[in-house]
Every structure is written in C-alpha cells, then in structure tokens.
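This report refers to the structure that appears directly beneath it.
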Amino acid sequence: MVSVEKLREKVKGILAREDIKYVIGYEKGTYGFRVSPSFAFTQEDADRFIFSPLCANNLAVYPMLEEKLPLRRDQKEDIRKVGIVVKGCDSKAVLQIILEKGMKRENVLLIGIPCTGVIDPRKIENKFPHQAENVDVREDDDKFVLIVDGKTQEIPKDELMYDKCIYCENPTPILYDILVGEEIHSTKKEDYEKIKVLEEKSLEDKWEYWSKQFERCIRCYACRNVCPMCYCKECMIDQLTPLWVRRSRNVSENTAWNIMRAYHLAGRCIGCGECERACPMGIPLTELNKKLEKDVKEMFNYTPGKSLEQKPLFAMFSPEDPQEFIL
Amino acid sequence: MLTKYQVYGPVNDGGVILFKQVRDASQLDIDYTNSNVPPKALFFGQTETLFKFSLSPKVKIEAANMPNERVVIFGIRPCDAKSLSILDKVFKGDYEDPFYLAKRKNYVLVGLSCTRPGVNCFCTSFDKGPASTENVDVLLTDIGEKYYVEVNSDKGEELMGGFKNLFTSTKSKDEKIRKEVEEKAVRAITRSINIEGAVDKLDNLFENSFWKTIAMKCLTCGICTYLCPTCHCFDIQDESTLTKGARVRVWDSCMFPEYTCQASGYNPRPERMNRVRNRIYHKYNYYPKNYAMTACVGCGRCIDNCPVNIDVIDALNRVGVAGK
Chain A
1 MVSVEKLREK VKGILAREDI KYVIGYEKGT YGFRVSPSFA FTQEDADRFI FSPLCANNLA
61 VYPMLEEKLP LRRDQKEDIR KVGIVVKGCD SKAVLQIILE KGMKRENVLL IGIPCTGVID
121 PRKIENKFPH QAENVDVRED DDKFVLIVDG KTQEIPKDEL MYDKCIYCEN PTPILYDILV
181 GEEIHSTKKE DYEKIKVLEE KSLEDKWEYW SKQFERCIRC YACRNVCPMC YCKECMIDQL
241 TPLWVRRSRN VSENTAWNIM RAYHLAGRCI GCGECERACP MGIPLTELNK KLEKDVKEMF
301 NYTPGKSLEQ KPLFAMFSPE DPQEFIL
Chain B
1001 MLTKYQVYGP VNDGGVILFK QVRDASQLDI DYTNSNVPPK ALFFGQTETL FKFSLSPKVK
1061 IEAANMPNER VVIFGIRPCD AKSLSILDKV FKGDYEDPFY LAKRKNYVLV GLSCTRPGVN
1121 CFCTSFDKGP ASTENVDVLL TDIGEKYYVE VNSDKGEELM GGFKNLFTST KSKDEKIRKE
1181 VEEKAVRAIT RSINIEGAVD KLDNLFENSF WKTIAMKCLT CGICTYLCPT CHCFDIQDES
1241 TLTKGARVRV WDSCMFPEYT CQASGYNPRP ERMNRVRNRI YHKYNYYPKN YAMTACVGCG
1301 RCIDNCPVNI DVIDALNRVG VAGK
C-alpha cells in the first residue's frame, strides 16, 4: 500500500515549484467511510492528504470543471499546471481527455498511485450502515483491515472492493510524472461475464429491466458531472433549442437521457465507475458503459485510455471496420 | 385503509426507498431509515402538467385537473412532515399554488416515529425530534407489539375514526415505552449544528474565501437540491409537437449553471462558488429572513448522497456559523 508520508512529501516538493497552481488529492471525509477531494495550495495543505482504499473518487474531473471566466484587461491567463493524484483508472481518463484535445499534457502534473483496489462505498456502508465516526481502513495483502469503534476486523478484499477493481488490468497509472511507490502489474482480465448474461436476455426482458432502472432516474445529472469524460461546454441535455430531451421526468425521457449519455461515451469511457457511484438512485450505469466498451472492443479492436499514440475512436477510419449495421 | 384511500408509503425499489402507491400492505418497507427521495415529491411533483394545448383545428387550452383524490401518506418521517410546513410558506406566499395546496388539503399524513436514525440525521438541532407529532395528522410509534397512536388534527381524527375497532386505549406503560423509544432515537442522533445567530453571522461572511474552497470540490449536480425536502425551485417549459403539447412544471436546481443564466447569456452566478454559497444562504439566511424559519429539517440527505462529501454541518461549523 502507498505510504501517506511519501505521498505528502512528493506533493510538498511539487507545491514548492513555481509552475504549479495547486494539487488535487484526497483527505479524510467528514464522517464514516467517506473520503473527500482535497485541494492543496500550500505545504500545510499537503499535510491533509491521505491515500487509503477508500479513495474512490476519480479526481481527473476537477481540471475539467475549473471555470474559465473572461479575463479583465489587466489579467493574464494562469497557465500553471494542476497536480492530480491518479490511480490506474484515473490516469486513463486524463490520457483519453488529452488525446481528445480536451486538455494539454503540459497543463497537468500526474502523481501516480500504484493502486491495489479501492472499496465500493455502497458495499462498505451496507455492512456498517450506522457508522458516523470516521474510521480507519488499511490494506493487508488480500484483506482490508478496518478499525471500527476501536475494534479491528479483517474482511477479504473481494467482498468490499469495486467490481471494476476485481478485473483491473492497469493498477499502475498508464500516464504519470511522479510515481509514489513501486509499479505493480496485473494479470487480471475483464471477462464481461455480467454483460454476457444481460446480452442473452430477450428484448422484452431487457426493456423491462432497463425501464425499471430508468424510471427511478431523477435527472440530477450527477452521472454526467462526476464523469471526467463529460466535459462538453454545453451538454445536449441543457440545450433548449433544439430541445433534444424534454425536461419532463418519465420513462421515455429518462431513457433518452441515459442512453444518450452512454452513447456519447462509447469508445471514450475508461470504466472508472464514477457515474454509478454518484447515482443517488442506484442505477447500474456501468452495465451500459461496459456493454458499449465490449462492443467497441469486439468491432473495432479499440480500448480507450490505452496510449497517447492512439487516436480517439471516432477520429479513425479503417476500410476493415464492420459495417453490417449501416443500412 | 386501502379500500377508502389511495395509500402512499415507503417501498423498496431496487435498493432505493421511494414513496409509492401501495395496493397491498406487504409492499411497505417499514424498517426504512428514510426515503431516498423526500415525500415532498408527492406534493410538489418533479413533473406536473399545468395545462394542455392543441393548435388545430383551433387553439384549445385544457386546464389540468385539480388533484382531489383522498390520499394517505403512510410512514412519513417527522422531519419530512416538518419540511411540508416549511414549503407551505412558499406555496401559500405571494402566489397561491393551487396544485400544491389542493394536495395539502386532501392528503392525510400518517407519520412514523424514527427508531433508527441515519448517520447524518440532525433533526434534533432544530428542536423537533424524531417522534414529533407537530406536523403530522397522526403519529405512529413502534412500541414493540403495537403502535402508539397519537392523533394531532381533525383530518387525523376523521381518518382514524373509520378504524376505531383496531385500537385499545393507552396504558401508562405504553406511554412510558413511547417515551423510551423517542429518547433512544434521540440518543442515536450523533451529529448536530448550533444555528443560533446563523443569520447574522452569515450576513458578514458573504465575501469569505471559504465558499471558494468548499466549492472547488462541488460538481454542481442536482443531488443535494433534488433530494432536499425543502428545496422548491422549478422551471416551466412548453413541451409540444407541432400541433399539441403541454405546459409543464419541472424541478430546477440552483446548482445548475443554467438556473440563473439570462437570455442575454449573462450569468450572475457564473462560478460554482456563487451557487454553493447560494444554497447554504438560502437555507440558513434568506429563508429565515423571509419566513422566520430555517429551510432545513436535518434529514441529512444532502450529506448522505453527495458524491464529493460536501457536508453542510461541517461547512457551517468551519465557516464559524455554528458551534461558536
């Protein structure tokens, strides 16, 4: 597991540089098992930084959220770098945004964390639903060690870990400037078992399943806002002329929103699962994303977030591309 | 009750607790902490049709039906019931909202005392606790084998009058257990804020750099406002095809940049900081100034569901509003 002291030391070193605006990392949350994104501007701020198996958030979203307000005549654009603490999956998001030209490589400084799997907040909060006090969680080989109310208990990692971590192929960030700790390699492979089961269902069953899920959607757009890949200046859902999706909340409009969101991420989603984590209505959004990921892989042999040499899927064409779906 | 009224109660829908119409008592999930979406949605729906229109052969406008169903909201928590009293101020304010008010008049609130408050519950910070009868028509408290029933209004009296055969009179032992249940729930609430003087303190904190700090992590999604039992902002849209359509009222959120965006393109709340600050000021400063009540009931939903751990208790503590 990553040493917090080492992380803070590296962040402090980075903050001492003049070309750094601030560093985004994690700090202890305000209650229970929560961890909070943290912004360090000064050396003291860096002392708040932590890294633990609870650090699920993909911080790559933050540089994309930064407001670029019009400059006044005497103002100059701040071109200093933003430091971001990234896990394997998070680094894929940064990489994909860079190759889509959503941000420039030189504008970010990546502090890589070789990650051995993070805890799914839903799984742990289901186990300890009334834990208000902040607790300590660390990792010990294939177990998580939890200190809850002074009592230490061990839980096998697979019981609490995100599904995405169980199949993680890139625990070490693909893209980083500074690595905290040693590189780790994974022999795991995504097998899409869950998606295959869904694929085999009949059209009616699929519709029943998804319409039940989408019926719950409250259109808070947390799935979009938490997603580092959703960085359009103006989202189609917010447009009024033309009105692509009505504001009314019903199965039809909700379905349109959820499907459009997923399709806009085809060949772009790097599978961090933040949309599903953020969803307050428990909609299994990663299933949609995974299905598209699988299709893109099978049809175009393309995996997003893999290398800076790659082009975005929709910026490529090959005569061998499958065309059966074109009428 | 199901034969005479439409009954809405807490139902587990794919792991999420929602207030839905029930046709059979077995559908109810009575052991819930609180619903994910507050029952305000039953009074102030996320989508409500105001009127329908059609253009051909002639322009025709068809008013929406006024809600007149006899509805029982079963199992509403005292905090959420209180939120309706807070919303009343708005919907009975300068403009009377006929849809909301018709429902408030017809719907009977059968409350259920909290026995297992959630981690972020802090209703006791607002003087009304987990077993307050104040804003419900009837309050049920689980005292083991039976419910302790308290009727608090004529509407409640009328409802309960139909089921007289189900009740036995209370004994002093029952009263004692009810008190114990309430005290136990109060003890289980671990978080609190002290909002005394919050209005004046916030008056002097508007330009504080703290708002920028907290807003840096905000994603400006709609979770905190949509799931807040007292948030009540809406947008009005015409949704139509070429020949017919409807004017609908839908929830809106001050967290969205479009919320304040003007037709010219100018946005008076351009940054996340402006919007995060507005949400907190609206609840703890503007609302108390306008209506002499805090627009927060301490249900903790905004804290529970925030994907980036923005915590209103912590925020008010850190900015020096609460606790000092």
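If you read the protein sequences in the order shown, they are chains A and B.
Residues 1 to 327, numbered by this note's numbering, are exactly what the first sequence covers, in order.
Residues 1001 to 1324, numbered by this note's numbering, are exactly what the second sequence covers, in order.
Note that beta-carbon positions come from the ideal geometry of N, C-alpha and C, so glycine has one too.
Item, Value
"Could you name each continuous beta strand (DSSP E) segment of 3 residues or more that falls completely within the stretch 1120-1208 of chain B, going from the start of the chain to the end?", "1138-1142, 1147-1151"
"Within the chosen definition, does the stretch 1081-1088 of chain B reach the stretch 1261-1281 of chain B through at least 3 CB pairs nearer than 8 Å?", "no"
"Mind checking the stretch 1046-1074 of chain B against chain A and listing, in chain order, the residues whose C-beta falls within less than 9 Å of any C-beta there?", "Gln1046, Thr1047, Thr1049"
"Give me the DSSP bridge partner(s) of Gln96 of chain A.", "Gln96 of chain A is not bridged to any residue."
"Contact defined as beta carbons within less than 8 Å: I believe Val251 of chain A pairs with Ser211 of chain A. What is the distance between those atoms, to the nearest angstrom?", "5 Å"
"Under the rule that 16 or more other beta-carbon atoms within 10 Å means buried, what is Tyr1287 of chain B, buried or exposed?", "buried"
"Alpha carbon to alpha carbon, how far is Asn1290 of chain B from Glu183 of chain A? Give it in angstroms, no decimals.", "58 Å"
"Using Cβ-Cβ distances below 9 Å, what residues of the stretch 31-51 of chain A are close to chain B?", "Tyr31, Gly32, Arg34, Val35, Ser36, Pro37, Ser38, Phe39"
"Specify the secondary structure class of Met64 of chain A as computed by DSSP and reduced to three states.", "helix"
"Taking Ile1073 of chain B as the reference, which of B:Asn1194, B:Leu1202, B:Lys1244, B:Lys1020 has the closest Cα?", "B:Lys1020"
"With a Cβ-Cβ cutoff of 7 Å, do Val86 of chain A and Leu110 of chain A count as a contact?", "yes"
"Can you find a C-beta in chain A that's less than 7 Å from the C-beta of Cys1221 of chain B?", "yes"
"What would DSSP say about Leu240 of chain A, mapped onto helix, strand or coil?", "coil"
"Please report whether the beta-carbon of Ser380 of chain A lies at a distance below 7 Å from any beta-carbon of chain B.", "For chain A, the structure presents residues 1 to 327; residue 380 of chain A sits outside this window and is missing."
"Assuming the contact rule is C-beta atoms closer than 8 Å, Ser1253 of chain B and Gly1222 of chain B should be a hit. Round their C-beta distance to whole Å, please.", "4 Å"
"Say yes only if the C-beta of Gly13 of chain A is nearer than 6 Å to one or more non-hydrogen atoms of the ligand HEM, and no if none qualify.", "As for the ligand HEM, it is missing from this structure, which has no ligand bound."
"Reducing DSSP to helix, strand and coil, say where Val32 of chain A ends up.", "Residue identity check: residue 32 of chain A is Gly in the sequence provided, not Val. Correct three-state label for Gly32 of chain A: coil."
"Does the Cβ-Cβ distance between Leu1109 of chain B and Ile1076 of chain B come in under 7 Å?", "yes"
"Tell me which residue opens and which closes the alpha helix (DSSP H) that Tyr1291 of chain B is part of.", "1287-1291"
"Determine which residues of the stretch 215-238 of chain A have a Cβ less than 7 Å from any Cβ of chain B, and write them out in chain order.", "Arg216, Ile218, Cys220, Tyr221, Ala222, Asn225, Val226, Asp238"
"DSSP three-state label for Gln213 of chain A, please.", "helix"
"Considering Tyr1226 of chain B, what are the terminal residues of the alpha helix (DSSP H) in which it resides?", "1223-1226"
"How big is the Cα-Cα spacing for Tyr31 of chain A and Ala262 of chain A?", "32 Å"
"In chain order, what residues of the same chain have a beta carbon less than 7 Å from the beta carbon of Asp47 of chain A, not counting five sequence neighbours either side?", "Arg8"
"What is the residue span of the alpha helix (DSSP H) that Asn258 of chain A lies within?", "251-263"
"Per the DSSP calculation, Asp1238 of chain B is bridged to which residue(s)?", "B:Arg1247"
"Between Cys269 of chain A and Glu293 of chain A, what straight-line distance do the alpha-carbon atoms span, to the nearest angstrom?", "7 Å"
"By Cβ distance, which residues of its chain are closer than 6 Å to Lys123 of chain A, with the 5 residues on each side in sequence left out?", "Leu160"
"The alpha helix (DSSP H) with Ala46 of chain A in it runs from where to where?", "43-46"
"List the residues of chain B that Leu146 of chain A touches, going by C-beta distances under 8 Å, in chain order.", "Result: empty, since nearest Cβ-Cβ is about 16 Å, beyond 8 Å."
"For Pro322 of chain A, count the other beta carbons within 10 Å of its own beta carbon; 16 or more makes it buried, fewer makes it exposed. Which is it?", "exposed"
"Short check: CB of Pro37 of chain A to CB of Lys1212 of chain B, under 7 Å?", "no"
"Contact between the stretch 216-225 of chain A and the stretch 278-289 of chain A is defined here as three or more beta-carbon pairs at a separation below 8 Å; is this criterion met?", "yes"
"Which two residues bound the contiguous alpha helix (DSSP H) that contains Ala1041 of chain B?", "1040-1043"
"Report the residue from A:Glu18, A:Glu106, A:Lys12, A:Asn126 whose alpha carbon sits nearest the alpha carbon of Gly25 of chain A.", "A:Lys12"
"Kindly indicate the opening and closing residues of the alpha helix (DSSP H) around Arg277 of chain A.", "274-278"
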